[in-house]
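Comments concern the structure below.
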Amino acid sequence: MSNSEPGTHVSYLDYEGKYKGLLGWLLTTDHKRIGLLYLYCIIVFFFVAAILGVLMRVELIAPGQTIMEAQTYNGMFTIHGIIMIFVIVIPALPAIFGNFFLPIMIGAKDVAFPKLNLFSFYLFLIGAIFGVLSQFIGGGAPDTGWTFYVPYSAESSTNVIYALVAAFILGFSSILTGLNFIVTIHRMRAPGMGWFRMPLFPWSLYATAWIQVLATPIVGITLLMVIAERVLRIGFFDPSLGGDPVLFQHLFWIYSHPAVYIMILPGMGIVTEIFPTFSQKPVFGYTAILISSLAIAFVGYFVWGHHMYTAGISTGSRWFFSFLTFIVAIPSAIKVFNWVSTMYGGSIEMRPPLLYAIAFIFLFMIGGFTGLTLGSVATDVQVHDTSFVVAHFHYIIFGGMGFAFFAGMHYWFPKMFGRMYSDKIAYIGWGFLFVGFNLLYFPQFIIGIQGMPRRYFDYLPQFQTGHVLSTIGAFVLFAGLIIMVANLLYHAKKGAIAPANPWRGVTLEWLIPSPPSHENFDEIPEIKHPPYFFGNTDENK
Amino acid sequence: MKNGETHISSFTSHAIVLIVLLTLTFISVFVTGWHLGAFSVTVALAIASVKVATVVLNFMHVRHESLFIKLMISGVFVLYALVIIITFIDYHLR
Amino acid sequence: MSTHSTHSEQIESETGKLGMWIFLLTELFLFGGLFLVYAVFRAQYSEDFHTAGRELNTFIGTLNTVFLLVSSMTVAMAITAVQKDKKNLAIFLIVITLILAGLFMMNKYFEWSHKFEFKIYPGSEVLKNMPRGELLFFGLYFMMTGLHAIHVLIGMILLTINIFKIKKGGVGSKHYLHLENTGLYWHLVDLIWIFLFPLLYLIT
């Protein structure tokens, strides 16, 4: 794993292989370029969905109609959810950072199936385009919510089928990525890298990949069943034909609950890499974190009914799901303990990645605790389908996965682009994001408990104060997004040249040049140390 | 797959497996005529499971594959069974 | 030397095979969703399922089961033939597999058209007037056998491609991953039918 001599190193960004120029990107099988393709698409779609969110917040600043009609509002929260869930949050971390860094961190030259990887990307793009098309064709934007509950999804005259097909194709992309990663991790680790010498971000991708592979097909077939309801009146979910609408909810959440672990596990993996680097000591409790990732993936399959406590399922199953939901919270708590313990006694260097990672812990914990409120049946009855739920999942998904994404972006930016961004602007962006985020979502907990329903276009005047604060927060947050992204975009081209290891990290990606060359390593390294080896101190033995 | 040796199944072994599968098929058709009430599903699924295991172990070569593949396949069936059982906690107790 | 693949070919074929196995597991879960729906409604409407199940022809179902089981054997034998460098035998066996698959599809076509003749299909008036459990049974019948039939067709395409690959040398005694993976896919198609058959045709 030598850094090549400065004249001979050709960055993957400049490499010219079989295809040159634009084709060299559109037909690439280089995992790093594919990661960037995903990154660029996801940034664009993220801003589209974020703007939709801001527009919804503008609508909700006052009761009654403000800037749009009720039907438009319904279409907005539907497509906001579909894009955010299926195009951004589920794919992003594996497809961007997983693609870019998994092979490097295990000492491989690429993933197991590079052409399949490119195919996954194009499936992703086609699925996303189908989602966009659903807005503009024929019957109009779907208004079912991203959860497509029957009977409404079977009856709505809007373009539900386009959205279902979009989700199906995106799901297929996710499955193939997961498949690729499992085989890569099994078969392509460098010599000497036993399973327990693999860093924790690859481990988190491994746990995630199993969920992608085993849960997604179920939502795939469920979406096909809804299409069959719409087109053929097949009857599975239609009470007038003997079917059961709650069965749809079971099938939907059997996937969509494990899906939230697809969203969060890689994010946890990213911050697990950041804490040791900026504390300059090994991660605390490597094995505990590893096992907790696998435990979350496994137990996460058995809690789906906590989305259905008020749907009419049996009391017995509500007991069961609530109990399992509390159990699945435990491994996450273990991780938080371990992250904090990693920092304890460490030589802390405060840089933007660490600040985002710390914010992650804070926001994820709020999301996690409020998850317990939702997981307990008695309290859930009060807050189900209110803004409380909306606030909870935004704290987890946006505060959790989103901030982990920003943390990863700031951590790996020098490696990916060979440049440094401005720390100062990064901190300013962080400030706007953190303040804006809490202002946007925290009031939603309060009005939710007070009775403000979710997905409602109109509301009683007593909720307005909360809504006004929340809308202001949305604008502050959006400003933070602009500042953060502008900082990164600008410095990707104009920043100071980055060294190979700006943060003194010890995982394999820091031992190769910034940016990496086409094949990552001149020679495949042989691994002789545990994964977080900071040199010969007592702690590392 | 160990030491570069790939196991080659003989034509005869494949034919024997087929005979086993056909026999089980005819048994399952024959048993349909019996009045087993609530057990009929269980018996039918049990015979089908034996057939599936036979195909997986022999035609699909899993008998000669690594422990990981064997665990992976069994694990997936167990996971699926658990999902069905948990769903029935709802339906059974409504 | 000619009967053992090189070390790197071995590694590549193990990698490819693992990939195919994981894909097969996803297919199991895809059909698994339908089996779950079946389980729920059979438990709820066991009488109706029994009545509706009698509308299906057990003989044709059994015949189709036999076709697929034999075709599983022939494709497994084709792999043995390739491993033993017997190319013509391998092609012959794959052709038999395709013929059996074709017979399966033909039976499927007759079964379905027979049902359509009696206006038994999802959304029809006849179905709407049936007891609910029977309606759902037929909905499941068409969706499950339909999805399965699509997979049979895909399998037939893959098998055909392998015939050409054997002829041109892309598949040979040292590198037969394509055929092996196609075989695995074909066996999956068989496996799903092994479960479908008793659940649809042998309800007592």
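Read top to bottom, the protein sequences are chains A, B and C. Sequential numbering from 106 applies to the first sequence in the working numbering. Sequential numbering from 32 applies to the second sequence in the working numbering. Sequential numbering from 200 applies to the third sequence in the working numbering. We put the CB at the ideal spot given by N, CA and C, even for glycine.
Asked                                                                                                                                                                      : Found
Please report whether the beta-carbon of residue 407 of chain A lies at a distance below 9 angstroms from any beta-carbon of chain B.                                      : yes
Which residues in the same chain have their Cβ closer than 6 angstroms to the Cβ of residue 245 of chain A, if we skip the five residues on either side of it in sequence? : 263
Apart from the five residues on each side of it in sequence, which residues of its chain come closer than 7 angstroms, Cβ to Cβ, to residue 299 of chain A?                : none
What did DSSP end up calling residue 525 of chain A once you bin it into helix, strand or coil?                                                                            : strand
Kindly indicate the opening and closing residues of the alpha helix (DSSP H) around residue 82 of chain B.                                                                 : 70-85
Going by other Cβ atoms of all chains shown within 10 Å of its Cβ, with 16 needed for buried, is residue 111 of chain B buried or exposed?                                 : buried
To the nearest angstrom, how far is the alpha carbon of residue 38 of chain B from that of residue 288 of chain C?                                                         : 19 angstroms
Please name the residue or residues paired with residue 374 of chain C in a DSSP beta bridge.                                                                              : C:371
Is there contact between the region 391-402 of chain C and the region 253-260 of chain C, where contact requires at least three CB pairs shorter than 8 angstroms?         : yes
Roughly how many angstroms separate the alpha carbons of residue 163 of chain A and residue 418 of chain A, rounded to a whole number?                                     : 37 angstroms
Measuring alpha carbon to alpha carbon, tell me which of B:46, B:79 and B:125 ends up nearest residue 272 of chain C.                                                      : B:46
Going by Cα to Cα distance, which pick from A:333, A:583 and A:522 is closest to residue 540 of chain A?                                                                   : A:583
What are the boundary residues of the alpha helix (DSSP H) that residue 212 of chain C is part of?                                                                         : 206-243
Let's see if you can read the secondary structure: which residues bound the alpha helix (DSSP H) around residue 368 of chain A?                                            : 350-384
Is residue 270 of chain A near residue 328 of chain A, with beta carbons less than 9 angstroms apart?                                                                      : yes
Where does residue 646 of chain A sit, in a helix, a strand or coil, going by DSSP?                                                                                        : Any reading at residue 646 of chain A must be qualified, since the residue scores a pLDDT of 41, below 50, and its modelled position is unreliable; the value itself is stated next. Coil, per DSSP.
If the cut is a Cβ gap below 9 angstroms, which residues of chain B does residue 377 of chain C touch?                                                                     : None at all; the shortest Cβ gap to chain B is about 15 angstroms.
Consult DSSP for residue 133 of chain A and reduce its assignment to one of helix, strand or coil.                                                                         : coil
How about residue 290 of chain A: is its C-beta nearer than 9 angstroms to some C-beta of chain B?                                                                         : no
How would you label residue 371 of chain A, buried or exposed, when you count the other beta carbons within 10 angstroms and need 16 or more for buried?                   : buried
Distance cutoff 9 angstroms, beta carbons only. Does residue 271 of chain C sit that close to anything in chain B?                                                         : yes
Strictly below 7 angstroms CB to CB, what residues from chain B border residue 386 of chain C?                                                                             : 86, 90 and 91
Does the Cβ-Cβ distance between residue 216 of chain A and residue 321 of chain A come in under 9 angstroms?                                                               : no
Quick one: Cα of residue 252 of chain A to Cα of residue 494 of chain A, how far?                                                                                          : 14 angstroms
Along the chain, where does the alpha helix (DSSP H) that runs through residue 121 of chain B open and close?                                                              : 98-124
Return the bridge partner residues of residue 601 of chain A from the DSSP annotation.                                                                                     : A:525
If you check the beta carbons only, do residue 255 of chain C and residue 340 of chain C fall under 9 angstroms apart?                                                     : yes
Does the CB of residue 128 of chain B have a neighbour CB from chain A at under 9 angstroms?                                                                               : Within the shown structure, residues of chain B are numbered from 32 to 125, placing residue 128 of chain B beyond reach of any answer.
So is residue 228 of chain C in contact with chain B if we call contact Cβ pairs under 9 angstroms?                                                                        : yes
Are the Cβ atoms of residue 638 of chain A and residue 212 of chain A separated by less than 9 angstroms?                                                                  : no
Let me know the beta strand (DSSP E) ranges lying completely inside the region 490-527 of chain A, each 3 residues or longer, listed in chain order.                       : none
For residue 419 of chain A, does the three-state DSSP call read helix, strand or coil?                                                                                     : coil
Touch check for the region 594-614 of chain A and the region 546-559 of chain A: three-plus C-beta pairs under 8 angstroms?                                                : no
Does residue 321 of chain C get closer than 9 angstroms to chain A when you measure Cβ to Cβ?                                                                              : yes
In angstroms with no decimal places, state the Cα-to-Cα distance between residue 229 of chain A and residue 153 of chain A.                                                : 16 angstroms
Which of the residues in the region 354-373 of chain A, read from start to end, lie with their CB under 8 angstroms from any CB of chain B?                                : 355 and 359
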